[in-house]
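Chains as they are written, first to last, in numbering that gives the first Met the number 0: chain A, 0 to 311; chain B, 0 to 171. By construction, the Cβ of each residue, glycine as well, lies at the ideal position given by its N, Cα and C atoms. Note that this is a predicted model, so its numbers are computed, not measured. Report on one structure; see the data block that follows.
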Amino acid sequence: MLRDLFQRYRQSLLLTLVLVLPIASMYWHGKTRTESTFVERGLLALTSPFTQLNHDAIEAVRKSAKRYVFLTNVEARADVLEHENRILLGEALKSRAIGEELQRVKELCEFKAEHRDFSTVPARVIGRDVSQFFQVMRIKIDTGGLVGIKEGMAVITDDGVVGRIDRVSQGFADVMLVTDARSQVHATVPGKGVIGSVKGNGKRNEFTAQFVHLDKLDRGAPLAAGDAVLTTGHDRVFPAGLEIGHIADAAPTQSGPYQEFVLAAAVSYATLEEVLIVTGYHGPDAEAAPSPPVETHGKRTVDPANTPDSPP
Amino acid sequence: MKPFAWILLAFLGLALLSPLLGHFDSQFFAPDVALLTALYAGSRSSTATAVLVGFAVGLLKDGLSLAVPVGLYTEIGVLAALLGRFLEPRVDLRSAVPVMATSAALSVAATVVFLLLEAVFHRAFDAYGDVLRMSLPLALITMLVAPPWFGLLDRITGRFEHPHRSGLLGRK
Chain A
0 MLRDLFQRYR QSLLLTLVLV LPIASMYWHG KTRTESTFVE RGLLALTSPF
50 TQLNHDAIEA VRKSAKRYVF LTNVEARADV LEHENRILLG EALKSRAIGE
100 ELQRVKELCE FKAEHRDFST VPARVIGRDV SQFFQVMRIK IDTGGLVGIK
150 EGMAVITDDG VVGRIDRVSQ GFADVMLVTD ARSQVHATVP GKGVIGSVKG
200 NGKRNEFTAQ FVHLDKLDRG APLAAGDAVL TTGHDRVFPA GLEIGHIADA
250 APTQSGPYQE FVLAAAVSYA TLEEVLIVTG YHGPDAEAAP SPPVETHGKR
300 TVDPANTPDS PP
Chain B
0 MKPFAWILLA FLGLALLSPL LGHFDSQFFA PDVALLTALY AGSRSSTATA
50 VLVGFAVGLL KDGLSLAVPV GLYTEIGVLA ALLGRFLEPR VDLRSAVPVM
100 ATSAALSVAA TVVFLLLEAV FHRAFDAYGD VLRMSLPLAL ITMLVAPPWF
150 GLLDRITGRF EHPHRSGLLG RK
């Protein structure tokens, strides 16, 4: 009976159901509520994976299209980026160079602060090896001509001795390096009781030192490789206590009363960028300190008064 | 099996079209494939099957657009299926032009029903002007998509009715 009734009105029942159910649902879901209903949660659970899948698929297609299909202007864009890259690379290198320069200037300033017994002016190295036969480098003097730079003045860095001014002209100067065959510097090795002179032999970053023991009875410890060779200040050009180099080979060559050693330079001339020119001396030792060098007026000889006793 | 295939196709269309058009800021111009599927079901199947298909695709559309009270698109789906049943002996819904005209009219009618139901059951809704403004473009795009959509559904139906005569993409 009930089954027959259902069969007879099945379509009407279904129609009523599908028309009324949404209305009931709308009535229920149309109210303001704070939590999702189970119908909403069910629909969300049913549709969300497909939505996510669609989204991922569309994104993948879009990215692929962007990467492989829409390649318009890529070449032009690459050119622009390459140009920008070159500019940025240049700026980065410039920044690094400025940083290194600042570090060197800082070290020079610290060196100046530690050595108040002599005054210096800074100069910038602008060229090297202008002469084929001499170890010379050219520097640009940044003093604007206010300080009288004279030939024979000592040129140093915080690392040690560089050489001396050889020629001066219009804000520029040539520096004769201590490795130059014409160079001679009075030197000593602290604690070893020796005194002598360092002479250039024309080789880059290498020169020789000839030492004689001050007291033949008390020779002290023998000179060894790595011993630092410092200026004495007796040549009246270089301030005392500056490093010239260190002994590279401890096996000396005997030359009369002198022992001749091969030295390695304290300063790397190849990478030198800034130097200090010693322009004067202060303090209690100023009298004993080196006097201003004698101008040579273009002569390439070293003032004999400024050189130590030469070996025979 | 045919109704399930229609529902699945409608669901894929709904889930795919809106996000796809969303990438071009044109999601509001997505054709109402749920409405078209309900109309198609009404024109090609029994009343019971049609209203169940309309109910299912409407519910799925509710699931994909939770900003409206659940049941709104379900109700519209059922009504569209019933309209399809009503028009089936009167209008030739196997030709492109009647399909396009019916789809456009149905889309506008669906918008009106939508606004009525929103007004009754969704007090917080206040975008009547926007919906009205969008109704005609939506009807236009739905009208244009209707013939190919009906064709696609016909092909699916053909695969179920004449499997031995159907190739991969339709009849041989």
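- Contact between the region 38–57 of chain A and the region 99–111 of chain B is absent: fewer than three C-beta pairs spanning the two stretches fall below 8 Å.
- Bounds of the beta strand (DSSP E) holding Glu-242(A) are 242–254.
- Ranked by how close their Cα comes to the Cα of Leu-78(B), the residues Gly-62(B), Ala-126(B), Gly-150(B), Thr-46(B) have Thr-46(B) in first place.
- Closest by C-alpha distance to Tyr-39(B), out of Glu-74(B), Met-99(B), Lys-60(B), is Met-99(B).
- In the DSSP annotation of this structure, the continuous segment of the beta strand (DSSP E) that includes Met-175(A) starts and ends at 171–176.
- Pro-21(A) carries a helical assignment under DSSP once its states are collapsed to helix, strand and coil.
- Note on geometry: alpha-carbon atoms of Thr-207(A) and Asn-84(A) lie some 49 Å from one another.
- Between Glu-259(A) and Thr-252(A), the gap from beta carbon to beta carbon is short of 8 Å.
- Inclusion of Val-177(A) and Val-197(A) in the CB contact set at 8 Å is warranted, their separation being smaller than that value.
- Between Val-161(A) and Leu-271(A) the beta-carbon gap is near 7 Å, inside 8 Å, which marks them as a contact.
- For a cut-off of 8 Å, the C-beta gap from Asp-226(A) to Val-188(A) is around 5 Å, short enough to register as a contact.
- Between His-233(A) and His-185(A), the CB-CB gap stays under 8 Å.
- Neighbours of Ser-11(A) in chain B, taken as residues whose beta carbon is under 9 Å from its own, are absent, since the nearest beta carbon is some 10 Å off.
- A straight-line Cα-Cα distance of about 18 Å links Ala-4(B) and Pro-146(B).
- Your pair Val-67(B) and His-121(B) checks out as a contact, with CB atoms roughly 7 Å apart and the cut at 8 Å.
- Asp-61(B) has a beta carbon lying within less than 8 Å of a beta carbon in chain A.
- For Val-107(B), the enclosing alpha helix (DSSP H) starts and ends at 95–120.
- Among the CB atoms of chain B, one or more fall inside 8 Å of the CB of Ser-24(A).
- Under the three-state reduction of DSSP output, Thr-36(A) falls in the coil class, being neither helix nor strand.
- For Thr-278(A), the secondary structure class from DSSP, reduced to helix, strand or coil, is strand.
- For Leu-229(A), there is no enclosing alpha helix (DSSP H); the residue is part of the beta strand (DSSP E) that begins and ends at 227–230.
- For His-185(A), the uninterrupted beta strand (DSSP E) segment begins and ends at 183–188.
- If you look at Ala-264(A), you'll find it in the beta strand (DSSP E) that goes 257–264.
- The Cβ-Cβ distance between Leu-34(B) and Ile-75(B) falls below 8 Å.
- Of all alpha-carbon atoms in Glu-39(A), Leu-14(A), Leu-12(A), Leu-101(A), the one lying nearest the alpha-carbon of Ser-24(A) is that of Glu-39(A).
- Neighbours of Thr-15(A) across chain B, judged by C-beta separation under 9 Å, do not exist; the nearest C-beta is about 10 Å away.
- If you draw a straight line from the Cα of Ala-118(B) to the Cα of Met-0(A), it is about 43 Å long.
- Going by DSSP, Ser-42(B) is part of the alpha helix (DSSP H) stretching over 32–43.
- For the pair Lys-191(A) and Gly-240(A), the Cα-to-Cα distance works out to about 14 Å.
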